[in-house]
Amino acid sequence: MNALRLWCKSDEVRMWVLCLPPGGGSAQQFRSWSDRLPPVLGVAAVELPGHGSRSDEPAPTDLDALLDELAADVVPLLGRPVMLFGHSMGAVLAVDLARKLRAARGWRPAALAAAASEPPDRPLPAGLCTASDEELTGLLHAWGGTSGELLADRRYLAEVLPVVRADLALMTGRAHRDEAPLDCPVHTYLGEDDTTVDAKEAAEGWARQTRAGHTVRTFPGGHFFPHEPQEQMLTALVEDADAAVDGRLRAAEGVTHG
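Counting in the UniProt record's numbering, the final residue of the sequence shown is number 258, and the numbers go up one at a time with none missing.
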């Protein structure tokens, strides 16, 4: 099944924001953005095998094979400027996808936003993918974004823990990739109450991923601040997307900045 999911309000799209979900997450987490962003900024997301609407497929175990799949599936977007947005694990996938497309097609994103994410050059602790169910449940609690009621539901945990464990195994096995920095601006988005990401290390590490400028923004909320009901981050996302295309979004009809 194709990984690409599109949510467009109109045919007015001038630029895409391509979203990559966090570990254990789904493309569906970004669907509401299409109602909250201006029509000229189209919302797209990738659905990984074993997740969301592809839950009947095996979870990926080979990162390079996954990146090949994603690179092929997102080709329809590449005729317009694309800003990559990755949340947590999705941010690391985003930078790897950008490099895969650079090598395969000479393509570069207009910008990349890394939200609530440790930098790609900081490996995950090796023991995470072999953690017990109890330890993984504690990790989900630390991340936030999941109610205590769900975390106490054995049926829910039986569904979600294998997906989270598979994602952690995929990223734990990620080889260090000493590749050239990206030729696009990188924006680090942090949650002021996120205790799972070291803000200083994240800012410094993501700055190393680009030679075209880096910014840091901090927003209210914890690890799942991108999906909390506040508009500050989406306003910043529009501003950063617009700057990446030299103000062409603002000039297009329908763009407003809150």
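Using N, Cα and C, we set each Cβ at its ideal position, and we do this for glycine too.
Alpha-carbon spacing of Gly24 relative to Val75, whole angstroms | What you label residue 24 is simply residue 24 of the sequence shown in a count that begins at 1. What you label residue 75 is simply residue 75 of the sequence shown in a count that begins at 1. Spanning the two alpha carbons is a distance of roughly 25 Å.
Let me know if Glu159 comes out buried or exposed under the rule of 16 or more other beta-carbons within 10 Å of its beta-carbon.
-> For the purposes of this step, residue 159 is taken as residue 159 along the sequence shown, with counting starting at 1. Glu159 is exposed by the Cβ-count criterion.
Can you tell me the Cα-Cα spacing of Val43 and Leu237, whole angstroms?
-> Counted from its first residue, the sequence shown places residue 43 at position 43. Counted from its first residue, the sequence shown places residue 237 at position 237. Approximately 12 Å between the Cα atoms of the pair.
Name the DSSP bridge partner or partners of Gly86?
-> Position 86 of the sequence shown, counting from 1, holds the residue named residue 86. Gly86 is bridged to Leu20 and Ala114.
Can you tell me whether DSSP reads Arg31 as helix, strand or coil?
-> The residue you call residue 31 lines up with position 31 of the sequence shown. Helix at Arg31.
6 Å Cβ shell around Ser147 - same chain, five flanking residues per side excluded = As a first step, residue 147 must be located in the sequence shown, where it is residue number 147. Contacts found: none.
Within the present structure, is the beta-carbon of Met171 separated from the nearest heavy atom of the ligand FAD by less than 8 Å?
-> In the structure on display, the ligand FAD does not appear, and there are no ligands present to speak of.
Among Thr235, Tyr156 and Arg208, which has the Cα closest to the Cα of Thr218?
-> Here residue 218 refers to the residue found at position 218 of the sequence shown. Cα-wise, what sits closest to Thr218 is Thr235.
Decide if the stretch 181 to 192 is in contact with the stretch 213 to 232; the criterion is three or more beta carbon pairs, one per stretch, under 8 Å apart.
-> yes
With a cut-off of 8 Å on the beta carbons, I'd call Ala27 and Gly52 a contact; round off their distance for me.
-> In the sequence shown, residue 27 corresponds to position 27, counting from 1. In the sequence shown, residue 52 corresponds to position 52, counting from 1. Correct: roughly 6 Å between the Cβ atoms.
For Leu234, the three-state DSSP class (helix, strand or coil) | If you number the sequence shown from 1, residue 234 lands on position 234. Looking at Leu234 - three-state DSSP - the assignment turns out to be helix.
When the Cα of Asp183 is compared with those of Ala59, Asp56, Arg208 and Leu170, which residue comes out closest?
-> Residue mapping note: residue 183 aligns to position 183 of the sequence shown, counting from 1. Measuring from the Cα of Asp183, the nearest candidate turns out to be Arg208.
How far does the alpha helix (DSSP H) with Gly148 in it reach, from first residue to last?
-> To locate residue 148, count along the sequence shown from 1; it is residue 148. Its alpha helix (DSSP H) spans residues Gly148 to Leu151.
Considering Thr196, what are the terminal residues of the alpha helix (DSSP H) in which it resides?
-> For the purposes of this step, residue 196 is taken as the residue at position 196 of the sequence shown. Unbroken run through Thr196: none, as it is neither H nor E.
Would you please state the rounded distance, in angstroms, between the beta carbons of Val82 and Ala110? I believe it to be under 8 Å.
-> Position 82 of the sequence shown holds residue 82. Position 110 of the sequence shown holds residue 110. Indeed, because the Cβ distance is near 6 Å, the residues count as touching under 8 Å.
Length of the line joining the Cα atoms of Thr256 and Pro38 = Mapped onto the sequence shown, residue 256 falls at position 256. Mapped onto the sequence shown, residue 38 falls at position 38. Caution is warranted here: a pLDDT of 43 is assigned to Thr256, below 50, making its placement in the model unreliable, and the coordinate value is therefore given only provisionally. Each residue's alpha carbon lies about 7 Å from the other.
If we count the other Cβ atoms within 10 Å of its Cβ and call it buried at 16 or more, is Glu57 buried or exposed?
-> Here residue 57 corresponds to residue number 57 of the sequence shown, with the count starting at 1. By the neighbour-count rule (16 or more Cβ atoms within 10 Å), Glu57 is not buried but exposed.
Range of the contiguous beta strand (DSSP E) that encloses Arg5 | For this step, residue 5 is matched to residue 5 along the sequence shown. Element bounds for Arg5: Leu4 to Trp7.
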